[in-house]
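Protein chains in written order, with the working numbering: chain A, 2 to 374; chain B, 5 to 161. Glycine residues also receive a C-beta, built at the ideal position from the N, C-alpha and C atoms.
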Amino acid sequence: MNRIGLKFIAACAAFLAGCVSGDLSSSRQVDLDDDTVDGGISSTDIRTVAKRMCPAILSTPEVANAQSQVRIKVADVKNKTRFFIDNDLFLKRLRFELNSFGGGQVRFLDKNEKNQAARQEVLRDRQVEDIRRDVRELARDICMSPLVRDAKTPVKMALIPMLNTNLVNMNADSIGAMLRGEIADASGGRVQFLLPGHTEGADYWLTGLFYPESLKKEGIVNLAEYIDVIDARVRDGKSLYLDTSVSATVSPMSSTVTATTSRESVLLEMLRSPSMRANPNIDKRLNIMITKPDSKLVVFEKTMLVDRRMTDNSGKAALILSCELSGLSQALNGRQSDYLLVSFQLLDPESNEIVWEGAYEVKRVSRSGIVYR
Amino acid sequence: MKKLACICIAASALAISGCYSVKAVDRAAGSDLVSEGSVVFARAGQYTLWFGSHSPREYFEIVYERFSHNTAGLPVVEVGIRYRGGVSWTDWFREIPQTVTLGAQCNFYDTPSAQAGGPVVYSTNRERIVFQRGRIYEYKAVCPVRSAVGYQLVLGE
Chain A
2 MNRIGLKFIA
12 ACAAFLAGCV
22 SGDLSSSRQV
32 DLDDDTVDGG
42 ISSTDIRTVA
52 KRMCPAILST
62 PEVANAQSQV
72 RIKVADVKNK
82 TRFFIDNDLF
92 LKRLRFELNS
102 FGGGQVRFLD
112 KNEKNQAARQ
122 EVLRDRQVED
132 IRRDVRELAR
142 DICMSPLVRD
152 AKTPVKMALI
162 PMLNTNLVNM
172 NADSIGAMLR
182 GEIADASGGR
192 VQFLLPGHTE
202 GADYWLTGLF
212 YPESLKKEGI
222 VNLAEYIDVI
232 DARVRDGKSL
242 YLDTSVSATV
252 SPMSSTVTAT
262 TSRESVLLEM
272 LRSPSMRANP
282 NIDKRLNIMI
292 TKPDSKLVVF
302 EKTMLVDRRM
312 TDNSGKAALI
322 LSCELSGLSQ
332 ALNGRQSDYL
342 LVSFQLLDPE
352 SNEIVWEGAY
362 EVKRVSRSGI
372 VYR
Chain B
5 MKKLACICIA
15 ASALAISGCY
25 SVKAVDRAAG
35 SDLVSEGSVV
45 FARAGQYTLW
55 FGSHSPREYF
65 EIVYERFSHN
75 TAGLPVVEVG
85 IRYRGGVSWT
95 DWFREIPQTV
105 TLGAQCNFYD
115 TPSAQAGGPV
125 VYSTNRERIV
135 FQRGRIYEYK
145 AVCPVRSAVG
155 YQLVLGE
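In structure tokens:
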């Protein structure tokens, strides 16, 4: 009986042991504020900097007293220490803190390359829809204008090539065709177009002029001169289009012909020049004009945006946030000491004044072996 | 036979009690929470029966403590902490370090004190502070959340 009892107790003990959970395996994850390696910059520094600078920035008068959201542009970080770190780490953590606890007071302008590439795709896509909408509205405006509305008979229009088409790398022929189609739709027969390339009998010429919003010489053609050249070609029975593949020849005949063809040469040279075909990153607008063929008087004109400048909206930034990592390192007999100073500045771009400055400093001693440069 | 039966019953009871999937956790008593201060030290990691706890709090004193708002209306906690060095007779037998490193974390609440319970509205990280013997360290924490009205500063190893 004793033996049975002992065996039974042993069985129970084994059973009990099976119900108890085993020892917890040691976790490899450590607390964010634990310094696992002596010396150097640690996650504690990054987190402490963010926690201290966030309320300090929110307390500056320029941010605290702002009537609307304050947009901040982040400048590149300078790392003057001997440590290999992601230079943007301090700013990233600070930005996260401000976005999380700032109550929407501050907004940062993004400069991440992947985000900007995706953003450009979205904006370009939207731009196509905007152009379609603007062309429809323009067609309606033309049809509602007195020259169409008050005409007793259907208005005959000729579409002549738009200027600066290739100089700013714009596909004006497509826009011209879209506009023609929309006008024909919107007019309900009150506007009739001649075949492309024909102008005889037209009541009005429909044309346009691209121009970039830039003070630099992007290759704008003189409109009056261009129309003169086209006029001369029409009178000579030539095509409306200056063919860039055919070089203009100078005739030894009359001076008028020579003058015309030399002007064509100049225009062709501009059209062929690669620098004039460059697509500068600026706003490009199209000024649509309806002119009288005889007097060249513009009886209707309206401007629309056809290509917008891709910008990161830096101009909207109220403040610039910069960061600099500075360090003083000393080494002797295998021991290394590092003094680290992380400083931040908020700069007013208009006045160039430093409106706020904050710093975090720490000193550490370690044995050599920390990754350095 | 009766003894064996008793042993079996006791063993079964023990076995059954060890087989629950979940177990309830003790709740902090409200009275305990009320008695906590706004500046506290985490419980010491080492105790001895007759030479005291050697808790860090025995070697530190709070010189001043202030809760206010800055010009932007953000809550600010300022605490002066001094490392006194050895103060107990047991400290005669050992060397007290010239500097001590502690972790300090300040939690902010939207209730007047942490004792009312509830989640923190903002928490600083646990930053490392080096205390020199005899010097006052001026700890300062600013909370970016305006609704914070209470705080608790926790110091520990």
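Worksheet entry | Extent of the continuous alpha helix (DSSP H) run through alanine 119 of chain A | 114-145
Worksheet item: Okay, do the segment 91-103 of chain A and the segment 136-145 of chain A touch, 3+ Cβ pairs below 8 Å being the bar?
Response: no
Discussion item. Just verifying my parser: in three-state terms, what is the DSSP assignment at tyrosine 212 of chain A?
Written reply: strand
Practice prompt. For chain B, find out if any of its Cβ atoms is closer than 8 Å to the Cβ of lysine 52 of chain A; answer yes or no.
Written response: yes
Discussion item. Taking a contact to mean a Cβ-Cβ separation below 8 Å, would you say valine 158 of chain B touches alanine 46 of chain B in this structure?
Written reply: yes
Worksheet item: Of all the beta strand (DSSP E) runs that stay within the bounds of the segment 69-150 of chain B, which reach a length of 3 or more residues?
Response: 79-87, 103-113, 131-136, 140-146
Worksheet entry | Start and end residues, beta strand (DSSP E) containing valine 29 of chain B | Segment: none, valine 29 of chain B is in no beta strand (DSSP E) and carries neither H nor E.
Fill in: 8 Å Cβ cutoff met for valine 71 of chain A and leucine 306 of chain A
no
Worksheet entry | chain A contacts from the segment 126-140 of chain B (Cβ-Cβ distance under 7 Å) | Tyr126, Thr128, Asn129, Arg130, Glu131, Arg132
Practice prompt. For arginine 47 of chain B, write down the residues that DSSP places opposite it in a beta bridge.
Written response: None; arginine 47 of chain B has no bridge partner.
Worksheet entry | Residue-chain proximity (valine 81 of chain B, chain A), Cβ-Cβ < 8 Å | no
Worksheet entry | Neighbouring residues, chain A, relative to proline 148 of chain B (Cβ below 7 Å) | Cys55, Pro56, Leu59, Phe102, Gly103
Item to complete: Write down the C-beta distance between lysine 74 of chain A and leucine 110 of chain A rounded to the nearest angstrom, noting that I regard them as a contact closer than 8 Å.
Response: 5 Å
Worksheet item: Helix or strand or just coil, what does DSSP make of glycine 198 of chain A?
Response: coil
Discussion item. Give me the subset of the segment 31-45 of chain A whose CB atoms are less than 8 Å from a CB atom of chain B, sorted by chain position.
Written reply: Asp32, Leu33, Asp34, Asp36, Thr45
Practice prompt. Just confirm the distance between the C-beta atoms of tyrosine 113 of chain B and glycine 154 of chain B, as a whole number of angstroms; I'd bet it's less than 8 Å.
Written response: 4 Å
Practice prompt. Label serine 43 of chain A either buried or exposed according to how many other C-beta atoms from any shown protein chain fall within 10 Å of its C-beta, with 16 as the threshold for buried.
Written response: buried
Fill in: Cβ-based neighbour list, methionine 54 of chain A, same chain, cut-off 7 Å, excluding 5 preceding and 5 following
Leu95, Phe345, Gly359
Item to complete: Check whether the Cβ atoms of asparagine 88 of chain A and valine 78 of chain A sit closer than 8 Å, and answer yes or no.
Response: yes
Worksheet item: Are asparagine 282 of chain A and glutamate 302 of chain A closer than 8 Å when you measure CB to CB?
Response: no
Fill in: C-beta contact flag for glutamine 331 of chain A and serine 338 of chain A at 8 Å
yes
Worksheet item: Among B/Ile13, B/Thr115, B/Arg130, which has the Cα closest to the Cα of proline 123 of chain B?
Response: B/Thr115
Discussion item. Helix, strand or coil for alanine 360 of chain A? Go by DSSP, reduced to three states.
Written reply: strand
Fill in: Exposed unless 16 or more other CB atoms sit within 10 angstroms - verdict on alanine 28 of chain B
exposed
Practice prompt. Could you check which residue in B/Ala108, B/Glu40, B/Tyr87, B/Gln156 has the C-alpha nearest to that of isoleucine 66 of chain B?
Written response: B/Tyr87
Practice prompt. Apply the 10 Å Cβ neighbour rule to threonine 49 of chain A and answer buried if 16 or more other Cβ atoms are within range, or exposed otherwise.
Written response: buried
Worksheet item: Nearest to arginine 150 of chain A by CA position, among A/Met179, A/Gln121, A/Ala187, is which residue?
Response: A/Ala187
Worksheet item: So, is the C-beta of alanine 65 of chain A closer than 8 Å to a C-beta in chain B?
Response: yes
Worksheet item: Between lysine 317 of chain A and the rest of its own chain, which residues show a CB-CB distance below 7 Å, the 5 nearest in sequence each way excluded?
Response: Arg72
Worksheet item: When the Cα of glycine 335 of chain A is compared with those of A/Ile10, A/Gly40, A/Gln30, which residue comes out closest?
Response: A/Gly40
Worksheet item: In this structure, does DSSP put threonine 45 of chain A in helix, strand or coil?
Response: helix
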